[in-house]
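There are 2 protein chains.
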Amino acid sequence: MKPQQNVTKNSIFPDNENCSVRDVLSKLTSKWPMLILFALLDGPERFSSLQRRIENISRRMLTVSLRQLERDGYIHRQVYPEVPPRVEYTLTKMGNTATIPLIELVGWAERNHNEIRSCREKFDADK
Amino acid sequence: MKPQQNVTKNSIFPDNENCSVRDVLSKLTSKWPMLILFALLDGPERFSSLQRRIENISRRMLTVSLRQLERDGYIHRQVYPEVPPRVEYTLTKMGNTATIPLIELVGWAERNHNEIRSCREKFDADK
DNA sequence: CCCTATAGTTACTTTAAGTTACCATTGTTT
DNA sequence: AAACAATGGTAACTTAAAGTAACTATAGGG
Numbered sequence: 001m002k003p004q005q006n007v008t009k010n011s012i013f014p015d016n017e018n019c020s021v022r023d024v025l026s027k028l029t030s031k032w033p034m035l036i037l038f039a040l041l042d043g044p045e046r047f048s049s050l051q052r053r054i055e056n057i058s059r060r061m062l063t064v065s066l067r068q069l070e071r072d073g074y075i076h077r078q079v080y081p082e083v084p085p086r087v088e089y090t091l092t093k094m095g096n097t098a099t100i101p102l103i104e105l106v107g108w109a110e111r112n113h114n115e116i117r118s119c120r121e122k123f124d125a126d127k
Numbered sequence: 001m002k003p004q005q006n007v008t009k010n011s012i013f014p015d016n017e018n019c020s021v022r023d024v025l026s027k028l029t030s031k032w033p034m035l036i037l038f039a040l041l042d043g044p045e046r047f048s049s050l051q052r053r054i055e056n057i058s059r060r061m062l063t064v065s066l067r068q069l070e071r072d073g074y075i076h077r078q079v080y081p082e083v084p085p086r087v088e089y090t091l092t093k094m095g096n097t098a099t100i101p102l103i104e105l106v107g108w109a110e111r112n113h114n115e116i117r118s119c120r121e122k123f124d125a126d127k
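If you're matching them up, the sequences are chains Z and W in order. Start counting the first sequence at 1; every next residue gets the next number (UniProt numbering). Start counting the second sequence at 1; every next residue gets the next number (UniProt numbering).
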C-alpha cells in the first residue's frame with residue numbers, strides 16, 4: 001500500500017500548489033494547530049481557556065493558529081457580543097474526523113519514542 | 001478516545017522537552033522527512049536518485065532531512081567507498097511502521113481536501 | 001585539461017515562528 | 001475618581017528555521 005500523495009514511480013511533488021495533500025497536511029500536522037484540535041476534543045472552549053490549557057502558547061500564535069484552523073474548516077468561531085468579549089471555538093464535524101488519524105499517529109509516537117531516543121543517543125555518540 | 005500526548009484535563013505540553021510525543025512528531029510530520037520516507041517505500045535509493053524523485057528539494061535540505069531521519073532511526077545510511085561516492089538510504093523496520101499512520105493521514109487528506117478548499121474560499125470571500 | 005558525475009558543505013537570504021508591548025471596553029476595587 | 005483586572009485580540013520586533021547558490025574532492029572520459 002502506498003500513499004497517493006502525488007507519488008508516482010518517478011516523482012513526488014512537495015509544493016502545496018502541486019500537491020493538495022501536502023497543502024492540507026502542512027497546516028494540519030504543525031505544532032500548535034494539532035494541539036488545539038486535541039484540546040477541543042473535550043468540547044467548546046474560549047480563547048483564554050485554550051491559552052491556559054496549552055502551556056507556553058502566546059496570544060499571537062494562538063490567534064494565528066485558530067485563524068488557520070477556522071479558514072480550513074476544522075473549527076468554528078462563535079463571537080458573543082459581550083463586554084469583556086467572549087469567543088468560543090468548537091470542532092466542526094471535519095475537525096473531529098481529522099483527529100482520528102492524528103491520534104493514530106500520536107499512538108505510534110507513544111509506542112516508539114523510547115526506541116527513537118535510544119537511536120538518537122547512539123547516533124550522537126558516534127559523531 | 002483521546003491522545004495521551006501529555007494531555008490532561010487542564011494542560012497540554014507543547015515543548016519537546018516536556019512532551020516526548022511532540023518531540024517525535026515534530027521531526028516526523030514535517031515536509032521533507034515525510035516525503036523521503038514515502039520515497040523509500042519502494043526500496044533503497046541513493047542520494048541523487050532521491051533528489052531526482054522529490055521535485056524541488058535542494059541538496060542541502062535533502063542532506064539535513066536525511067540526517068535527521070537517520071538520527072531518529074527511521075532510515076539507514078550505507079556508504080560504499082567508491083569514486084564517485086555511492087550512498088544508499090534504506091527504511092529501517094521502524095521507519096516502515098511509521099509510514100502506516102502517515103499513510104492513513106494522507107488518505108484522510110485525500111478524502112477531505114475538496115471540502116477544505118471550499119472552506120478556504122468561503123472564509124477568504126467573507127473578509 | 002576541461003567536462004561529467006557523486007554526495008555533500010559553506011555562506012548567504014528569505015520566510016516562519018515566537019516575544020513583548022499595546023489597544024478598547026466594562027465592572028470592580030481603593 | 002483613579003487605578004486595576006479581564007477579555008480577545010493586533011503591531012512591531014527578534015530569533016530560528018527553511019531555502020538558495022556557489023563551492024569542494026575525486027576519478028574517468030573525450
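Glycine included, C-beta positions come from ideal geometry on N, C-alpha and C. As the structure is a computational prediction, the values presented were derived from the model and not from experiment.
Residue 88 of chain Z lies in the beta strand (DSSP E); which residues open and close that run? 86-91
Can you grab the Cα-Cα spacing for the pair residue 1 of chain Z / residue 34 of chain W, in whole Å? With a pLDDT of only 49 at residue 1 of chain Z, under 50, the local geometry of the prediction cannot be trusted, and the value read off the model is given with reservation. When rounded, the distance between both Cα atoms is 16 Å.
Residue ranges of each alpha helix (DSSP H) within the UniProt domain "HTH hxlR-type" (19-117) of chain W, 4 or longer: 20-28, 31-39, 47-53, 59-72
Using a Cβ-Cβ distance cut-off of 7 Å, determine whether residue 104 of chain Z contacts chain W. yes
In chain order, what residues of the same chain have a beta carbon less than 8 Å from the beta carbon of residue 102 of chain W, not counting five sequence neighbours either side? 28, 29, 34, 37, 38
Please report the distance separating the alpha-carbon of residue 107 of chain Z from that of residue 50 of chain Z. 23 Å
From the beta carbon of residue 113 of chain W, is the nearest beta carbon of chain Z less than 7 Å away? yes
Residue burial classification, residue 124 of chain W (beta-carbon count within 10 angstroms, cutoff 16): exposed
Span separating the alpha-carbon of residue 11 of chain W from that of residue 40 of chain W: 37 Å
By the 7 Å beta-carbon criterion, what residues does the stretch 9-21 of chain W contribute toward chain Z? 10, 11, 12, 13, 14, 15, 20, 21
Looking only at C-alpha atoms, which of Z:23, Z:70, Z:14, Z:117 sits nearest to residue 114 of chain W? Z:23
Check each residue of the stretch 55-78 of chain Z: if its Cβ is closer than 8 Å to any Cβ of chain W, include it; give the result in chain order. 55, 56, 57, 70, 71, 72, 73
Using a Cβ-Cβ cut-off of 7 Å, state whether residue 50 of chain W counts as contacting chain Z. no
Going by C-alpha distance, which of Z:42, Z:31, Z:53 is nearest residue 68 of chain Z? Z:31
If we ignore side chains and look at the alpha-carbon of each, how far apart do residue 64 of chain W and residue 48 of chain W end up? 14 Å
Residue from Z:112, Z:118, Z:90, Z:127 whose Cα sits closest to the Cα of residue 96 of chain W: Z:112
Does any CB atom of chain W fall closer than 7 Å to the CB of residue 123 of chain Z? yes
Between residue 74 of chain W and residue 94 of chain W, which are expected to be in contact by the criterion C-beta below 8 Å, what is the C-beta distance as a whole number of angstroms? 6 Å
Leaving out five residues before and five after residue 53 of chain W in sequence, what residues of the same chain have Cβ atoms less than 6 Å from its Cβ? 39
Is it buried or exposed, residue 80 of chain Z, if we count other Cβ atoms within 10 angstroms and call 16 or more buried? exposed
Please check if any C-beta of chain W sits within less than 7 Å of the C-beta of residue 90 of chain Z. no
Whole-number beta carbon distance between residue 99 of chain Z and residue 76 of chain Z, since they are thought to touch under 8 Å: About 15 Å separates the two Cβ atoms, so there is no contact after all.
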